[in-house]
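What follows is one structure encoded as structure tokens, with my remarks underneath.
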Amino acid sequence: MPMPLTPLPETLFGRPFSVREALGSGVPRERLRHAGLVRAAHGLRTPTEPATLAQATTALARILTEPWAWSHETAAELCGLPVPHPWQPGDRLSVMRTSAGGPIRRPQVRGRVGLERRATVERLGMPVVNPYTTWCDLAVEVSRDDAVVLGDAIAAWPVSPDDVRLGLTSWVRLEAEVMHRIGAPGSRRVRTAYLAVRGGSRSPMESLARLCFIDAGLPEPELNLDVLDEGRWVATVDFAWPWARVIVEYQGDHHRTNRRQWQHDLQRLALLQDLGWTVILISSADLATAHARQQLVARVERALGLAKR
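So for the sequence shown, my numbering puts the first residue at 1037; every next one is plus one.
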């Protein structure tokens, strides 16, 4: 007859814990080998496999030796930024330590160094490299487009009234970090991406659409332009070339699946057209391939009167 399973102490039940912590609480080592616990990493047990980034990071944090901080794509996602490849179960986590301490070497971790040169913030009770520094770290590694998407998201972050009075906007903080990187490895890539960042894009797809227009040599559009009719607000549009009275509006899936939104869009479109604006509606399909982007640029060129004859 099998021996009854030793229950875990209440202090460990239902949460991640280190093997050292469990042994210190009197849990027999044999109990830690039971199939009812997940061996999430060497020296770490969890009640279930981590299914989210928050679960994975808070679990692994219990066995990391200070000083350390989440960095790169892990830090960006913990800060709510639109990373190109969100964490999935089984993905590694980026952890940074000081250069003197050396990188953490674990199968679940992408070890980084340089923490002594970086400021941190707290997310979910854990240290995270601050988002402005994280953006510069990622701009060296990801594509320019992905870096601009992340930079646009940071530039759009609201700040406190006190920060506004001091001129410490998200844009200013990002610029300061970029300037700090001058001369460092990868600084040219960082600067190239930074020069394409704009405050005003409200989604990653809007950022990619703007880059599509600029890379094709089109005049840069105004973002989030308020369209007025004799001083009365009519609409705020995604992209506008007022001198040509041309508007481009990005339509996400909610514009298609929400009936009320769809009806509102139709009324808005008619009103803008009545005021003499040419309105081009686009979706993710218009940015999905090089051919689709070429066709989109041609449509906008024709509307702007810039098409080659």
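Backbone N, C-alpha and C define an ideal beta-carbon position, used for all residues, glycine too.
From a predicted model like this one, the values you see are computed outputs, not experimental measurements.
Give me the Cβ distance between residue i and residue j, rounded to the nearest whole Å; I'm assuming they're in contact under 8 Å.
i	j	result
L1129	L1151	That pair is no contact at about 15 Å.
V1284	V1336	6 Å
T1169	A1105	Rounded, the Cβ-Cβ distance is 10 Å, inconsistent with contact.
C1172	E1213	5 Å
P1086	A1092	4 Å
S1223	L1259	Not really, about 27 Å apart at Cβ, beyond 8 Å.
P1103	R1133	7 Å
P1120	T1094	Rounded, the Cβ-Cβ distance is 23 Å, inconsistent with contact.
State the start and end residues of the unbroken beta strand (DSSP E) segment that holds residue i.
i	result
L1264	1258-1265
S1130	1129-1133
P1163	1162-1165
T1110	Careful: T1110 lies outside any beta strand (DSSP E), inside the alpha helix (DSSP H) at 1108-1114.
R1146	1145-1149
T1094	Taken as a continuous stretch (DSSP letters only), T1094 belongs to no beta strand (DSSP E), being part of the alpha helix (DSSP H) at 1089-1096.
R1159	1156-1159
Should residue i be counted as a contact of the ligand SAH given a C-beta to heavy atom distance under 8 Å?
i	result
E1285	You won't find the ligand SAH in this model; it holds no ligand whatsoever.
Nearest by alpha-carbon distance to residue i: which of the options is it?
i	options	result
M1162	R1098, R1246, Q1330	R1098
T1314	V1263, Q1331, W1269, A1321	V1263
S1239	L1186, P1139, N1166, S1179	L1186
D1127	R1159, A1112, P1143, P1118	P1143
I1035	D1265, D1181, W1269	Because residue 1035 is not part of the residues shown, which for the chain are 1037 to 1345, the question remains open.
G1288	P1103, S1320, A1328	S1320
P1257	L1247, D1265, E1266	L1247
W1123	A1136, G1147, T1088	T1088
R1153	V1184, A1252, S1107	S1107
P1125	R1159, I1140, A1090, P1139	A1090
Q1275	L1261, G1137, E1266	Here residue 1275 is Phe; the residue named in the question, Gln, does not match the sequence. Here the closest residue by C-alpha is L1261.
Q1330	V1282, R1146, R1296, A1252	A1252
A1033	L1244, L1231, L1210	The requested residue 1033 does not occur in the structure, where the chain is confined to residues 1037 to 1345.
E1242	V1282, P1120, L1080, Y1286	Y1286
L1160	R1081, G1116, Q1299	G1116
V1145	H1078, A1328, W1277	H1078
W1193	P1118, P1278, I1140, G1267	P1118
G1235	L1210, T1228, L1080	L1210
Would you say residue i faces chain C, with C-beta separation under 9 Å as the test?
i	result
H1108	Absent from the structure: chain C. Only one protein chain is present.
Would residue i pass as a contact of residue j if the rule is Cβ separation under 9 Å?
i	j	result
L1100	V1149	no
L1114	V1164	yes
I1316	A1339	yes
V1208	R1217	no
L1254	L1342	yes
L1035	L1332	The requested residue 1035 is not part of the displayed model; the chain covers only 1037 to 1345.
D1188	V1233	yes
A1111	P1167	yes
A1271	R1304	yes
S1206	A1183	no
Y1230	A1306	no
What residue does the alpha helix (DSSP H) around residue i start on, and which one ends it?
i	result
V1185	1180-1191
Considering only residues of the region 1273-1326, which uninterrupted beta strand (DSSP E) runs meet the minimum length of 3 residues and lie entirely inside it, listed in chain order? 1282-1286, 1314-1318
Could I get the ranges of all uninterrupted alpha helix (DSSP H) runs contained in the region 1206-1253, with 4 residues as the minimum, in chain order? 1206-1216, 1223-1231, 1240-1251
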